[in-house]
Amino acid sequence: DVRPTRKSIAQNLRRLLRSQKLTSSDIAQRSNLDASTIQQVLDGEIDLPDDEAAAIAGAMQRPVDRLQKPKVSSVAISHDGHFALTAVADDRTVRLWDLENLTEIHPDSSPTKPLLELNNRQLWSAAFGNDSETIVTLGGSEARIWNRQTGKEQLNLSPHGTVVSARFTPDDRHVVTASWDDTAKIWDTSSGLAIRKLAGQHQGNVNMALFSPDGKHVLTCSDDRTALLWNAETGEPTGITLTGHGAAVTSAAFSLDGSRIVTASRDQCARVWNSQTGELIMHLHDPSLPNQQSHELGVLCVTYFHSSDGDFVATGGEDGTVKIWKAETGELLKRLDAHTARVTSVNASPDGSRLATASQDTTAKIWDSARGKEVLTLRGHTQEVTSVTFSPDGQKVLTASRDGLAIIWPADDWENAPTANTEVTEHETPSL
């Protein structure tokens, strides 16, 4: 596994800048360096530090396209990588996009309308099922399941209180919804019936509910400072309650084999647990911080990922940092001073070689997960970037922001990034 050296980073930056046929003045206008310094970089007279080189490369990178008709409240990419969804809370529509040719797909009944129009129903977000053929929408106290090809509603899940999360089982036969009425429910996607109610245990809002990788258990995370494991077949608690956090549990993830659970909390800590026994295995402790803390402020997001080097955990915090931990030992491997405001989302590429982070500081970034080095800074949003996700082939990144834009970016290492889009300025990028 050959990692790029500083020399190759400088060489790749020169190659990228030259490929875009921009003058040193053009580049200087879009970076923090003057034209004479840029010219020295182009001429090979000086090399820039890695972080400066990555920042300039990101400034030169162009979005593949923008999905902005009109303001977008959530985005999702299908598991087969062929489609994207944009949900718009303001006009209560969901639009479907072909990622290959970047065009909107309309229902057969109307070649101009969006795929879904929810009219007087609330809409917050939309996501794909694992088969890429079903769509689930959340809004108010409802979750609804739709057919992607026809745009027809298949099921109306009217669960409980405010619904904040919906996840499919790996086989798409069931959906679990989490609600701010302190409960979660499991639904049969063929009948639309709520077959299990996970209730009577939490004493606060349920912020997330997710299935284990084998679909046999459900994990719920709550404002009551706990996470609970439930039997998905019976709907009964397994007796395993993950206790010890001092504030709301904001996020959680299973290891790929389901044997471990990592939880994140506003108490500044992330913890790893044995999913079979509920035993606390370890704190993800940054040695520079007191009291077993992982971050200086609350931990907002967490992901478990695998790469050629092993299994890892990445956490994102209100302190603007992202930290990469060795999953087996809890050792802190990399501390990324990623953003100047809270980190709202962190996700790994399918092969685990890269991390994508999103932040309140209006940027998203792509990182080499092994080296902890920034590869690209993606600038194009004007407000908080709320989510970032890789396409299944790892070639694209999709970001969503409070500015209402969803932007698709090339996620290739910038020495190999396609140059076909580089002749289009950010303001000229086609709006779908």
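Using the numbering used here, read the sequence shown as starting at 16 and increasing by one per residue.
The beta carbon of each residue, even a glycine, is placed where N, CA and C say it ideally should be.
Everything numeric in this text was worked out from a predicted model, so none of it was measured.
Q. In three-state terms, what does DSSP make of residue 460?
A. For the chain, the structure presents residues 16 to 447; residue 460 sits outside this window and is missing.
**Q.** DSSP state of residue 169 mapped onto helix, strand, coil
**A.** strand
Q: Give every residue of the same chain whose Cβ lies closer than 6 Å to the Cβ of residue 448, excluding the five residues on either side of it in the sequence, and list them in chain order.
A: Since the first residue shown for the chain is 16 and the last is 447, residue 448 is missing from the structure and cannot be characterised.
Q: Identify every run of the beta strand (DSSP E) within the region 213–286, keeping only runs that are complete inside it and at least 3 residues long; order them along the chain.
A: 221–226, 232–237, 242–246, 252–257, 264–269 and 275–280
(Q) I need the DSSP call for residue 368, collapsed to helix, strand or coil. (A) coil
Q. According to DSSP, is residue 397 helix, strand or coil?
A. coil
Q | Three or more C-beta pairs below 8 Å linking the region 373–386 and the region 355–365 | A | yes
Q | residue 307 to residue 140 span [Cα, whole Å] | A | 35 Å
Q: Run the CB neighbour count on residue 301, radius 10 Å, all protein chains shown included, and call it buried at 16 or more, exposed below.
A: buried
Q) Expressed to the nearest angstrom, what Euclidean distance is found between the alpha-carbon atoms of residue 335 and residue 123? A) 45 Å
Q) Between residue 99 and residue 88, is the Cβ-Cβ spacing less than 8 Å? A) no
Q.
Nearest by alpha-carbon distance to residue 189: which of 94, 209, 195 and 292 is it?
A. 209
Q.
According to DSSP, residue 340 sits in a beta bridge with which residue or residues?
A. 328 and 347
**Q.** Sequence-distant residues of the same chain with beta carbon closer than 7 Å to residue 409, five excluded per side
**A.** 364, 365, 366 and 426
**Q.** Nearest neighbour of residue 297, chosen from 419, 239, 279 and 125 [CA to CA]
**A.** 279
Q: With DSSP collapsed to three states, give me the class of residue 416.
A: strand
Q.
Would residue 155 and residue 137 qualify as a contact pair, given that the criterion is a beta-carbon distance under 8 Å?
A. yes
Q: Give the DSSP bridge partners of residue 361, in chain order.
A: 372
**Q.** Residue range of the unbroken beta strand (DSSP E) whose run includes residue 163
**A.** No beta strand (DSSP E) contains residue 163, which DSSP labels as neither H nor E.
Q. Under 8 Å between the Cβ atoms of residue 377 and residue 397?
A. yes
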